[in-house]
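Asks:
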Amino acid sequence: MEHHRDHSGRYVVRLPLKPDAGRLLSSSESSACASLAHLHRRMARDAIFAAAYRGFMQAYIDSGHMIRLSYEERTLRDRPVHYIPHHGIWQHDDHKPRLRVVFDELRPTSSGVSLNDITRRVFKLQRDIWTILLRWRRHRVAFCADMKMMYRQIWIDERNLDWQHVVWSPNSSDPVQHFRLLTVIHTWHLARSSNCARTKAPNSPLPRSPFYGTDGSSHLATLVIDWAHARSIHGGFKATYVKVFQCAWLINERRRIRHHVSQCMICVAA
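Heads up: the sequence shown runs through residues 1 to 270, numbered per the UniProt record's numbering.
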């Protein structure tokens, strides 16, 4: 994958697009606007959600990771343009719910093809979770760290910025504004970018192994419980707990597992 460092030392990467990407994707602006209208209706019903979402988007703009497009930039297009819908979900951790804004590159355009469909597939760089957990238990001391805005420390090459347009307005009564996202938002980009950092910076202080990146909200624990719940075939709390106990040690595992199972419609119905 093409990448380089800018004058400040940040990595700049290109999207791993297929050669016929521009031909396969079709109109996406109307879908993004419809998603924004649905978001406005949800914000009107939930004031807490609305305040959190507006705060996130404003922080995104203030940090310089998203810039507003002028009328000329929107209308004078000399290359393909793609709009990415976005929505919000609540993540529950040990302290309080936290809003996570998802930029949905899986949403199909009018041709039925999504941005994710026109990107090249590569091999998985991360090890399987069970090997990470086993190696974790070999050491007497382990460190957990949260990399703030990890995805957004890597910039997108200016030649690919038109593939990352979004629409946004704080209220339904405000005019819709068009923006361009300047940083990495895709999970497959994160894996490639972290690999670039390791290969290009052999003296980097980043740990080699065992290493598992988290977002600071017990994401690893959620993955383990979700895996165990699926392996137990929706067997409820006890079956899920046994599966978790066989492969991992989690802090407050009983409370986490009970919450996870309570959100499963199949287990609740049973």
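Backbone N, C-alpha and C fix where the C-beta goes; we use that ideal spot for every residue, glycine too.
Mind checking if P108 is an interface residue toward chain D, Cβ cutoff 7 Å exclusive?
Replies: Although the question refers to chain D, the structure presented lacks it and comprises just one protein chain.
Asks: If I measure Cβ to Cβ from Y53 and keep anything under 6 Å in the same chain, skipping five residues before and after, which residues do I get?
Replies: Sequence index remark: in the sequence shown, residue 53 carries index 53 (1-based). G88.
Asks: Is the CB-CB distance between T119 and P16 below 7 Å?
Replies: Here the question's residue 119 lines up with position 119 in the sequence shown. Here the question's residue 16 lines up with position 16 in the sequence shown. Contact: yes.
Asks: Going by other Cβ atoms of all chains shown within 10 Å of its Cβ, with 16 needed for buried, is S28 buried or exposed?
Replies: Taking the first residue of the sequence shown as position 1, residue 28 is located at position 28. Buried, because 16 or more other Cβ atoms sit within 10 Å of the Cβ of S28.
Asks: Which one or two residues does DSSP pair with Y11 in a beta bridge?
Replies: For this step, residue 11 is matched to residue 11 along the sequence shown. DSSP lists R5 as partners of Y11.
Asks: Determine the contact status of V244 and E253, defining contact as a CB-CB distance below 7 Å.
Replies: As a first step, residue 244 must be located in the sequence shown, where it is residue number 244. As a first step, residue 253 must be located in the sequence shown, where it is residue number 253. Yes; because the gap between Cβ atoms is below 7 Å, this pair is in contact.
Asks: Starting from the Cα of D162, find the closest Cα among I225, L69 and R100 and give me that residue.
Replies: Here residue 162 is taken as the residue at index 162 of the sequence shown, counted from 1. Ranking the options by Cα distance to D162, first place goes to L69.
Asks: According to DSSP, which residues form a beta bridge with R98?
Replies: Within the sequence shown, residue 98 is the residue found at index 98, counting from 1. Its beta-bridge partners are Q91.
Asks: Based on the DSSP output, what are the partners of R74 in its beta bridges?
Replies: In the sequence shown, counting from the first residue as 1, residue 74 sits at position 74. Paired residue(s): none; R74 is not in a bridge.
Asks: Pick helix, strand or coil for H82, following the three-state DSSP scheme.
Replies: The residue you call residue 82 lines up with position 82 of the sequence shown. In the structure shown, H82 sits in coil (DSSP, three-state: anything other than H, G, I, E or B).
Asks: Look at the alpha carbon of H40 and the alpha carbon of C264, and state the distance between them as a whole number of angstroms.
Replies: For this step, residue 40 is matched to residue 40 along the sequence shown. For this step, residue 264 is matched to residue 264 along the sequence shown. One C-alpha to the other measures close to 28 Å.
Asks: Kindly provide the ranges of any alpha helix (DSSP H) runs that are 4 or more residues long and lie completely inside the segment 220-256, ordered along the chain.
Replies: Counting whole runs of 4 or more residues, the segment 220-256 contains the alpha helix (DSSP H) stretches 236-247.
Asks: Can you name the start and end residues of the beta strand (DSSP E) that H178 belongs to?
Replies: Along the sequence shown, one-based indexing puts residue 178 at 178. From DSSP, the beta strand (DSSP E) with H178 extends over Q177 to L181.
Asks: Whole angstroms are fine: how far does the CA of V81 sit from the CA of A221?
Replies: One-based indexing of the sequence shown puts residue 221 at position 221. One-based indexing of the sequence shown puts residue 81 at position 81. Looking at the two C-alpha atoms, the distance is approximately 38 Å.
Asks: Considering only the alpha carbon of each residue, which of Q164, H139 and L99 lies closest to D46?
Replies: Start at 1 with the first residue of the sequence shown, and residue 46 comes out as number 46. Nearest C-alpha to D46: L99.
Asks: Less than 7 Å separating the beta-carbons of I67 and R159?
Replies: Within the sequence shown, the letter at position 67 stands for residue 67. Within the sequence shown, the letter at position 159 stands for residue 159. Contact: no.
Asks: How would you call R208, buried or exposed, if buried means at least 16 neighbouring beta carbons within 10 angstroms?
Replies: Stepping through the sequence shown from its first residue, residue 208 is reached at position 208. Confidence is the limiting factor: at R208 the pLDDT is only 40, short of 50, which leaves the residue's position unreliable, though a coordinate-based value still follows. Per the 10 Å Cβ criterion, exposed.
Asks: Spatial neighbours of D117 within its chain, please: C-beta separation below 6 Å, excluding the five flanking residues on both sides.
Replies: To locate residue 117, count along the sequence shown from 1; it is residue 117. There are no such residues.
Asks: Determine the closest residue to H7 out of G235, W155 and H178, with distance taken between C-alpha atoms.
Replies: Counted from its first residue, the sequence shown places residue 7 at position 7. Comparing Cα positions, the closest option is W155.
Asks: Under the DSSP definition of a beta bridge, which residues are partnered with R68?
Replies: Within the sequence shown, numbered from 1, the residue matching residue 68 stands at position 68. According to DSSP, which records beta bridges pairwise, R68 is partnered with F179.
Asks: Span of the alpha helix (DSSP H) holding V268?
Replies: On the sequence shown, residue 268 is found 268 positions in, with the first residue counted as 1. Unbroken alpha helix (DSSP H) run through V268: M265 to A269.
Asks: Can you check which of these residues, R79, V102 and I84, is closest to W90 by C-alpha distance?
Replies: Indexing the sequence shown from 1 puts residue 90 at position 90. Among R79, V102 and I84, the Cα nearest to that of W90 is on V102.
Asks: Going by Cα to Cα distance, which pick from D104, R256 and R10 is closest to V224?
Replies: Against the sequence shown, residue 224 aligns to sequence position 224. When each option's Cα is compared against that of V224, the closest is R256.
Asks: Relative to the C-alpha of H38, which residue among R135, V167, I185 and H259 is closest?
Replies: Numbered from its first residue, the sequence shown carries residue 38 at position 38. Of the listed residues, the one whose Cα sits closest to H38 is V167.
Asks: So W168 is in the beta strand (DSSP E); what residue range does that whole segment cover?
Replies: Here the question's residue 168 lines up with position 168 in the sequence shown. From DSSP, the beta strand (DSSP E) with W168 extends over H165 to W168.
Asks: To the nearest angstrom, how far is it from the Cα of N195 to the Cα of W227?
Replies: Counting from 1 along the sequence shown, the entry for residue 195 is found at position 195. Counting from 1 along the sequence shown, the entry for residue 227 is found at position 227. Legend: pLDDT at N195 = 44, less than 50; position of this residue unreliable, value from coordinates given subsequently. Rounded to whole angstroms, N195 to W227 spans 26 Å at the Cα level.
Asks: Restricting to Cα atoms, I'd like to know which of H259, A230 and P170 is closest to F49.
Replies: Position 49 of the sequence shown, counted from the first residue, corresponds to residue 49. Of the listed residues, the one whose Cα sits closest to F49 is P170.
Asks: Taking the beta carbon of T199 as the centre, do at least 16 other beta carbons fall within 10 Å, making it buried, or is it exposed?
Replies: Numbered from 1 along the sequence shown, position 199 holds the residue referred to as residue 199. With a pLDDT of only 41 at T199, under the threshold of 50, the placement of this residue in the model should not be trusted; the figure read from the coordinates follows. So T199 ends up on the exposed side.
Asks: Buried or exposed for residue 274, please, with buried defined as at least 16 other CB atoms from any protein chain shown within 10 angstroms of its CB.
Replies: The structure shown does not extend to residue 274, since the chain spans only 1 to 270, so no value can be given for it.
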